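Peer 1: Here it is, the structure in full.
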Amino acid sequence: YPHCWRSKTPVVFRATEQWFIAVDRPMSESGKTLRQSAIDAADKVDWIPGWGRNRIMGMLESRPDWCISRQRSWGVPIPAFHCEACGETMMTAETVRKVKDYFAVKGADSWFRSSAADILGAEARCPSCGSAELKQESDILDVWFESGSSWLAAAEGRQGLDAPVELYLEGSDQHRGWFQSSLLIGVAATDKAPFQTVLTHGFVVDAKGYKMSKSVGNTINVQDEVAKLGADVLRLWVSSVDYQYDIRTSEALIAQLQEAYRKVRNTFRFLLGNLADFNPAKDQVPVQDMHELDRYMMARLAEVINEATAAFERFEFHRVYQLVHLFCNRELSGLYLDVQKDVVYCDALTAGRRRSAQTAMCLAAHSLVRLLAPILVHTADEIWSHVPGAADETASIHLADWPVAGQGWYDEALLGKWDQLRDVRLAVNNRLEALRTAGTIQSNMDAAVSLTPTTVELADLLGTMGEAELARFFIVSTVTLKQAGGEPTEDELPLAIAVDKSQHPKCQRCWNLRPDVDDERGLCTRCREVVTV
């Protein structure tokens, strides 16, 4: 026997007259029904994720007439009147407007305190028998009718807002509830959907996939997690999950995001630490004049900006997290910043190559902090206060413009070239790692690398870099580039790699093993020039 889920008591059934909205009755001279109008309107809405469209369509196609009345002693009344003489029900456009005007002055509760004559006027009569003995309807509107019309009260007539609203956001169960009731009322009232986009999310469940319940004791207290980890770590965790499905969570799962947060934060610390003497107003280098590695990183940054912006517009926050975290981890820390340490630490302060690298770092900091601002709100504001030139734009990151890739940043040919060079670097690093493990070398800088490309194309590509630049890119002592020929020793590259231990002395300033280190001061040519200046 059915029982109330909350009170655990038996449900008492009672047959009463109800109010319905017919979904298959023609609404106008066109002959279209509310059902068909709602289906047509839903087809023009952007449903995120896409399966939301199929879900709402299926429910609209099979839904019965909508019962909008409830028997309660509280709530918003159905504005109808009953003739006590003949039993007829009276509800016309004129009477509803009078109820609306009365409520505007007296409030909705006046329905239960006032008489029909107070609301409609003493001259009100039953249209069937002419009797003045009128009494208000005692049923109230279904709460889904109330929530389904909330968009109109929230948006219409308010400055900066308008209907249809831009976004409806709720759980996947609301295709049957709020999304559908809003759609039906919107179509009935305005002949169009009340929303432009509908975003559906799953529910937060425990690590085993079970619903969280205080009685079971498997809940996660948000305030406790903020107290332990900080609000930004929790926000980063929220952004990292794919909310289209139910979200499994536990203290351990949330804590895992601490490492990702540290990686992002430490990347910014490195960028800002190397921009301490950089003034964008006078030191910034035009993109077309930048060193090629810096221009390559600007092209990668342009990709991240464009893809992250598109992900934000599609509410794919987990994609934003993946893009930015991977860029910080793989592109910046794993490659660019590792290679450019030598330049920013050891070149002369105003050297062109150093200013070029600082320009790329500054532009990366400016762009990435803006991308992260909606997620890491507190960290981004802290970073913004240290980014060169940021304070001249606005005091807070949350008032700054959205990042846009600058003209000339994206270069598809350059990306293709440096992607091939990265493959070569990876192959060299794999060989060096094996030698480090064996104890042959202590660090990559101890290595003298010899490259023999087996195709003319790869030989030409490596030749455009030159041996000195390749050594800096691989972070090794020297690179010797031989003529194309022979058989490849790498499985996926037309390349033979040989590595010997460098016999060159170490520069006491930059710690690079170079053939040009002198005996007197132990400095390489570059460091001697910098120290002399």
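The opening residue of the sequence shown carries number 1196 in this note's numbering; numbering runs sequentially from there.
Don't be surprised by glycine CBs; every beta carbon is placed ideally from N, CA and C.
Note that the coordinates shown come from a computational prediction; the quantities given were computed from them, not determined experimentally.
1) Of the choices A1327, L1571, E1511, L1653, whose alpha-carbon is the least far from that of G1245?
2) Per the DSSP calculation, K1406 is bridged to which residue(s)?
3) Assuming P1389 contacts S1376 under a Cβ cut-off of 8 Å, what Cβ separation, rounded to an integer in Å, is found between them?
4) Within 10 angstroms of the Cβ of R1565, are there 16 or more other Cβ atoms? Answer buried if so, exposed if not.
5) Count the other C-beta atoms from every protein chain shown that fall within 10 angstroms of the C-beta of N1461, then say buried if there are 16 or more, exposed otherwise.
6) Bridge partners for V1538 per DSSP, in chain order?
7) Under three-state DSSP, which class holds F1276?
8) Less than 8 Å between the C-beta atoms of M1286 and P1274, yes or no?
9) If you run the structure through DSSP and keep just helix, strand and coil, what is A1506?
10) Check whether the Cβ atoms of G1372 and Q1439 sit closer than 8 Å, and answer yes or no.
11) Using a 10 Å radius around the Cβ and a threshold of 16 neighbouring Cβ atoms, would you call V1515 buried or exposed?
12) Assign Y1363 to one of three DSSP states: helix, strand, or coil.
13) Hey, which unbroken runs of the beta strand (DSSP E) at 3 residues or more fall wholly within the segment 1436-1491?
14) Please name the residue in N1469, V1671, V1271 whose C-alpha comes closest to that of S1344.
15) Please classify A1299: does DSSP put it in a helix, a strand, or coil?
16) Any chance you could list the alpha helix (DSSP H) runs of at least 4 consecutive residues sitting entirely within the segment 1683-1710, in chain order?
17) Count the other C-beta atoms from every protein chain shown that fall within 10 angstroms of the C-beta of C1262, then say buried if there are 16 or more, exposed otherwise.
18) Is the number of C-beta pairs between the segment 1537-1548 and the segment 1444-1453 that are closer than 8 Å three or more?
19) Could you say if the segment 1594-1614 and the segment 1484-1497 meet the contact criterion of at least three C-beta pairs nearer than 8 Å?
20) Find the nearest neighbour of L1255 within the set L1630, V1382, N1469, D1714, judged by alpha-carbon distance.
21) Rounded to the nearest angstrom, how far is the Cβ of D1337 from that of S1434, given a contact under 8 Å?
22) Are the Cβ atoms of T1457 and V1572 separated by less than 8 Å?
23) Alpha carbon to alpha carbon, how far is H1277 from D1368? Give it in angstroms, no decimals.
24) Please work out which residues of its chain come closer than 8 Å, Cβ to Cβ, to D1357, disregarding the five sequence neighbours upstream and downstream, and give them in chain order.
25) Secondary structure at L1268, three-state DSSP: helix, strand or coil?
26) Shortest alpha-carbon distance to L1594 belongs to which of V1538, A1471, A1568?
27) Rounded C-beta distance between A1560 and F1473? I'm assuming under 8 Å.
28) Which residues bound the beta strand (DSSP E) around A1642?
29) Are the beta-carbon atoms belonging to T1649 and P1689 less than 8 Å from one another?
30) Does DSSP put T1290 in a helix, in a strand, or in coil?
31) Pull up the DSSP beta-bridge partners for F1215, would you.
32) For the ligand MG, I want to know if Q1615 counts as a neighbour, meaning its beta carbon is within less than 7 Å of at least one of the ligand's heavy atoms.
33) Drop a sphere of 10 angstroms on the beta-carbon of N1707, count the other beta-carbons inside from all chains shown, and report buried for 16 or more, exposed for fewer.
34) Starting from V1393, follow its DSSP beta bridges and name the residues at the other end.
35) What does a CB cutoff of less than 6 Å around D1525 pick up in its chain, not counting 5 residues either side in sequence?
36) Expressed to the nearest angstrom, what Euclidean distance is found between the alpha-carbon atoms of I1314 and T1392?
Peer 2: Straight from the coordinates:
1) E1511
2) V1400
3) About 10 Å separates the two Cβ atoms, so there is no contact after all.
4) buried
5) exposed
6) According to DSSP, which records beta bridges pairwise, V1538 is partnered with nothing at all.
7) strand
8) yes
9) helix
10) no
11) buried
12) strand
13) 1442-1444
14) V1271
15) helix
16) none
17) exposed
18) no
19) yes
20) V1382
21) About 36 Å; that fails the 8 Å criterion.
22) It is worth fixing the name first, because residue 1457 is Arg in this sequence and not Thr. It is not a contact, given that the beta carbons lie outside the stated cut-off.
23) 37 Å
24) A1350, E1351
25) In the sequence as displayed, the identity of residue 1268 is Ser instead of Leu. Three-state DSSP puts S1268 in coil, outside helix and strand.
26) A1568
27) Incorrect: roughly 10 Å between the Cβ atoms, too far for contact.
28) 1642-1648
29) yes
30) helix
31) C1262
32) In the structure on display, the ligand MG does not appear, and there are no ligands present to speak of.
33) buried
34) W1242, Y1363
35) First, the residue type needs correcting, since residue 1525 is Arg and not Asp in the sequence shown. None.
36) 40 Å
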